[in-house]
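Working notes, beginning with the structure itself.
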Amino acid sequence: MNLDKVLTDYRGNRWIQTSVKKSDQNFLNTVRKNWTEVSDDDIFKAKKIVLNAFKDNASVRGSPYIDFIHMFNSENNYFIQTNIYKEPIVLKYEGECDMHLSYNTTYEELLQFI
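Count along the sequence shown starting at 1, add 22, and that's the number in this note's numbering.
What follows is the structure, given as structure tokens:
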């Protein structure tokens, strides 16, 4: 795991930041843009890329946004920067996320919560 840093938001919640390979970010961007058309294998591969970044082994669901993917389960939330012109950052929020995101939310706007 390429653990870059641990962040704490204003409410004391812990966010872990790491990164993935640029080629993985490109793949995740393609999955995000074609969310309803990609194969189950592509969705599985996308989940595996994100979970492997944290050495997690869990079942997650996901939703695409403007320039990121949100994957989640009852224990953790993962936010994946898919804009290929930005750093391939992945954030893990430990705990149940009570944020309500619009599908028009950008990754930069998400970072304002931290």
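Heads up, the beta-carbon is just placed ideally off N, CA and C, and yes, glycines get one too.
The structure displayed is predicted, hence computed values, not measured ones.
**OP:** Identify every residue that forms a DSSP beta bridge with Arg36.
**Re:** Looking at the DSSP assignment, Arg36 forms a beta bridge with Thr30.
Subject >> As assigned by DSSP and simplified to three states, the class of Asn98 >> reply: Look at Asn98 here: in three-state DSSP terms it is strand.
Subject >> Under the three-state DSSP convention, the category Tyr125 falls into >> reply: Three-state DSSP puts Tyr125 in coil, outside helix and strand.
**OP:** Over the uninterrupted alpha helix (DSSP H) stretch that includes Ser85, give me the two end residues.
**Re:** Element bounds for Ser85: not the alpha helix (DSSP H) but the beta strand (DSSP E), Arg83 to Pro86.
**OP:** Report the residue from Phe90, Tyr129, Asn126 and Ala80 whose alpha carbon sits nearest the alpha carbon of Phe49.
**Re:** The shortest Cα separation from Phe49 among Phe90, Tyr129, Asn126 and Ala80 belongs to Phe90.
**OP:** For Asn126, collect the residues of the same chain with a Cβ closer than 7 Å to its Cβ; drop the 5 residues on either side in sequence, then sort them by chain order.
**Re:** In its chain, beyond the 5 residues on either side, Ile88 have a beta carbon closer than 7 Å to the beta carbon of Asn126.
Original post:
Ordered along the chain, which non-local residues of its own chain (more than five positions away) have a Cβ less than 6 Å from that of Lys69?
Top reply: Here the set comprises Val82.
**OP:** Compute the distance between the beta-carbons of Pro110 and Ser61, then report whether it is under 8 Å.
**Re:** Not in contact: Pro110 and Ser61 (Cβ atoms no closer than 8 Å).
Subject >> Sequence-distant residues of its chain with Cβ nearer than 6 Å to Ile65 (five each side left out) >> reply: Here the set comprises nothing.
Original post:
Can you find a C-beta in chain B that's less than 8 Å from the C-beta of Ser61?
Top reply: The structure shown contains no chain B; it holds only a single protein chain.
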